[in-house]
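The numbering of the sequence shown is the working numbering, which starts it at 29 and goes up by one. The beta carbon of each residue, even a glycine, is placed where N, CA and C say it ideally should be. If you're wondering where the values come from, they're calculated on a predicted model, not measured in any experiment. Data first, discussion second: the structure below is written as structure tokens.
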Amino acid sequence: MEKSQIALRFSRACHSYDGAARVQDQMATRLLDLLDACSVADGGGVRRWQNVAETGCGTGLLSRQIRLRYRPECYWLNDLCPSLAGRYAAWNEATFVAGDMEEVPLPQAVDLLTANAAIQWLEEPERFFNRCVRALQPGGRVAFTSFGPDTFREIRRLTGQGLHYLTAGEYEEMLRRAGLQVEVCEEQTECLTFAQPVDVLRHLKLTGVTAAGHYVWTPRRLEAFCQDYRRLYAGDDGRVALTFCPIYMIAKK
Numbered sequence: 029m030e031k032s033q034i035a036l037r038f039s040r041a042c043h044s045y046d047g048a049a050r051v052q053d054q055m056a057t058r059l060l061d062l063l064d065a066c067s068v069a070d071g072g073g074v075r076r077w078q079n080v081a082e083t084g085c086g087t088g089l090l091s092r093q094i095r096l097r098y099r100p101e102c103y104w105l106n107d108l109c110p111s112l113a114g115r116y117a118a119w120n121e122a123t124f125v126a127g128d129m130e131e132v133p134l135p136q137a138v139d140l141l142t143a144n145a146a147i148q149w150l151e152e153p154e155r156f157f158n159r160c161v162r163a164l165q166p167g168g169r170v171a172f173t174s175f176g177p178d179t180f181r182e183i184r185r186l187t188g189q190g191l192h193y194l195t196a197g198e199y200e201e202m203l204r205r206a207g208l209q210v211e212v213c214e215e216q217t218e219c220l221t222f223a224q225p226v227d228v229l230r231h232l233k234l235t236g237v238t239a240a241g242h243y244v245w246t247p248r249r250l251e252a253f254c255q256d257y258r259r260l261y262a263g264d265d266g267r268v269a270l271t272f273c274p275i276y277m278i279a280k281k
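Here it is in structure tokens:
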């Protein structure tokens, strides 16, 4: 999917994203819990990350939690959507840079480089991780979430469309090749349920995600999609499921 289309869809969804992105919000919390556990394992207690860089910050689900937990002295934030800059204007410690995370210059000597539910959009993830290594100071960490291949498997089966999601193992190999010590490599499965199949599509629109890519929704196709979705994925209570497979990765320089 073209980056301009990604930016457009997320810009349209920025006012509805926080209320709809339940899985992504849980992912942000889980990532920081895992990060704190890594700090404790270092023997010094929970670390206060002072110089933080976050790519694909979006509406700030992860950003707000980082700010509350660690109170960084310098917080560099990046997103593809320039319109999100206003959300961080009052953060005295923050610098917002709009642009493609694969191309914008990363700040140097950061002790934490992080991203939540954004890495799956990368076209060249290995190149990005190599850039991250150069941006980190010794002992710094990369901590991010993404989604695994079974994410939105229901929609992929019915439309033949969807992102190419990497596995946790593939991310692990890339991080190791970049010279990082992988501390966390975890994948989970989460399901949201909805009253009707059309509510699944509405949820994706509210979070700026178009899991069916360039699929053309004619009335006949939509009707067939809803019938098949209910037949294949309805539970005993009549509600239909949508699968997410969150991935959690933490690696140390």
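Next on the checklist: Please report the straight-line C-alpha distance between L89 and Q54, rounded to a whole angstrom.
Outcome noted: 9 Å
Starting from Q209, follow its DSSP beta bridges and name the residues at the other end.
K280
Can you give the Cα-Cα distance for M277 and A171, rounded to whole angstroms?
6 Å
Within 9 Å, strictly: CB atoms of N79 and A137: yes
Nearest by alpha-carbon distance to Q148: which of A196, A48, R267, A81 is it? A196
Use the C-beta contact count for T246: other C-beta atoms within 10 angstroms, 16 or more gives buried, fewer gives exposed. exposed
Out of Q33, S44, R184, C66, state which residue places its alpha-carbon closest to the alpha-carbon of A279.
C66
Q. If you check the beta carbons only, do S91 and L105 fall under 9 Å apart?
A. yes
* Asked: Would you report the Cα separation of R99 and G114, rounded to the nearest angstrom?
  -> 20 Å
What is the C-beta distance between P274 and V51, in whole angstroms, given that I count them as a contact (C-beta under 8 Å)?
-> 7 Å
In the DSSP assignment, the beta strand (DSSP E) including T179 goes from what residue to what residue? That residue, T179, is in no beta strand (DSSP E); it is neither H nor E in DSSP.
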